[in-house]
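Just so you know, the sequence shown maps onto residues 1 to 271 in UniProt numbering.
Think of the CB as a built atom: it goes at the ideal place given N, C-alpha and C, for glycine as much as any other residue.
Computed from a predicted structure; not experimentally measured.
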Amino acid sequence: MPTPPPTGPLVTRDTLATGLRLLGVESGETLLVHSSLSSLGWVNGGAVAVVQGLLDALGPAGTLVVPTQSGDQSDPALWENPPVPREWWDRIRATMPPYDPLITPSLGVGVIPETVRTWPGALRSAHPQTSFAALGPRAREITEGHAPDCRLGERSPLAKLEKLDARVLLLGAGYDSCTAFHLAEYRIPAPRVEVGRPAPGGGWETVVEVSITSDRFDALGRDFEQDRPVVRGRVGGADARLFPVADAVAYAERWLEAHRPREGDFPHPPV
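Here you go:
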């Protein structure tokens with residue numbers, strides 16, 4: 001049976017850039033983008049055209065930032081989708097290739113961030129599990145100095161984006177993808193957990209980290225959108241939302257303290 005034709009809308013680099021400008025994306029700003037390619041419609045050129053459209057809207061003075069997390073750089077004992085046999089765990093830990101910002105692929109964040117990661121001139125932060133990649137004049141400032149024991153806290157690109165008055169663009173993605181909310185977890189009472197991963201020189205290491213989870217971020221996002229100014233619109237076929245990183249973090253601090261248990265453990269790193 002032949003494959004049915006796409007239903008659209010037909011999206012191009014130019015229509016994406018125009019749609020982003022109409023939404024409110026400004027030339028020269030710094031933008032943290034969470035995205036879903038499939039939500040946009042039929043994109044002529046796929047993820048490459050989306051990145052081109054984003055860069056066109058931001059202009060040469062703007063900086064594009066995306067999450068390039070690599071959740072597979074983690075303890076196989078915690079893997080669930082799919083799990084691996086217990087008898088494999090020690091061998092996996094002993095032989096897992098260490099993180100390399102140039103070659104370790106991103107995982108679970110979509111094809112658009114992976115396209116940015118491999119784009120000429122892109123820079124990527126050094127954390128082996130929760131890195132960010134950036135393109136533009138502020139890329140080095142944002143990505144450098146990502147501490148190995150600070151996934152998404154004060155010594156991560158998120159804190160720099162907050163200080164730089166960056167904004168978040170959810171492009172077909174939901175609030176459960178909003179990494180800015182994680183910065184709030186570092187500013188409220190939170191448990192600490194041991195996090196295992198391949199060591200930089202080979203072998204295995206364990207670090208103590210703040211416990212983070214995107215649990216209930218969807219509810220947090222709904223309340224945030226009702227209480228704070230969030231620009232909403234459509235880009236291609238995708239729902240899009242635009243708001244300041246600092247506003248999202250400040251709101252999340254108050255919301256999480258009120259709605260999350262003060263005790264408990266969320267051992268899984270975001271993927």
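Residues bridged to residue 242 [DSSP beta-bridge criterion]: Looking at the DSSP output, residue 242 sits in a beta bridge with 169, 231.
Cβ separation of residue 172 and residue 239, assumed to be a contact under 8 Å, to the nearest whole Å: 7 Å
Cβ neighbour criterion (16 or more within 10 Å) applied to residue 258: exposed
Residues sharing a beta bridge with residue 200, DSSP: In DSSP, residue 200 forms no bridge with anything.
Anticipated Cβ contact below 8 Å, residue 66 with residue 116, distance rounded: 5 Å
CB-CB length for residue 245 against residue 161, believed under 8 Å: Approximately 5 Å separates the beta-carbon atoms of residue 245 and residue 161; this is inside 8 Å, confirming the contact.
Residue 206 vs residue 34 beta-carbon contact at 9 Å: no
Counterpart residues of residue 286 in DSSP-defined beta bridges: Residue 286 is absent from the structure shown; the chain starts at 1 and stops at 271.
For residue 11 and residue 156, the rounded distance between their alpha carbons: 34 Å
Complete alpha helix (DSSP H) runs within the stretch 93 to 122 (minimum length 4 residues, chain order): 111 to 117
Pairwise C-alpha distance: residue 136 and residue 73: 27 Å
Pair within 9 Å by beta-carbon distance, residue 236 and residue 15: Yes. Within cutoff.
Buried or exposed (CB count within 10 angstroms, at least 16 for buried), residue 248: buried
Proximity below 9 Å, CB of residue 174 to CB of residue 218: yes
Segments of 4+ residues assigned as alpha helix (DSSP H) that fall wholly inside the stretch 3 to 53: 13 to 23
With 16 other Cβ atoms within 10 Å as the buried cut-off, status of residue 75: buried
Helix, strand or coil at residue 162 [DSSP, three-state]: helix
From 227, 242, 234, residue whose alpha carbon lies closest to that of residue 252: Of the candidates 227, 242, 234, the residue whose Cα lies closest to the Cα of residue 252 is 227.
For residue 129 and residue 118, the rounded distance between their alpha carbons: For residue 118 and residue 129, the distance between alpha carbons rounds to 17 Å.
For residue 148, the three-state DSSP class (helix, strand or coil): Coil.
Residue 258 in three-state terms, based on DSSP: helix
Contacts around residue 223, its chain only, beta-carbon distance under 7 Å, and the 5 residues preceding and following it disregarded: Closer than 7 Å at the Cβ level, and outside the excluded window around residue 223, lie 255.
Element boundaries [beta strand (DSSP E), containing residue 134]: 132 to 135
Buried versus exposed call for residue 41 [16 or more other C-beta atoms within 10 Å across all chains shown]: buried
Boundaries (first-last residue) of the alpha helix (DSSP H) holding residue 143: 139 to 143
Residue 252, DSSP secondary structure in three states: helix
Whole-angstrom distance between residue 146 and residue 264, CA atom to CA atom: Because residue 264 carries a pLDDT of 46, less than 50, the predicted location of this residue cannot be relied on, and no value is offered for it.
Endpoints, beta strand (DSSP E) assigned at residue 183: That residue, residue 183, is in no beta strand (DSSP E); its alpha helix (DSSP H) goes 180 to 185.
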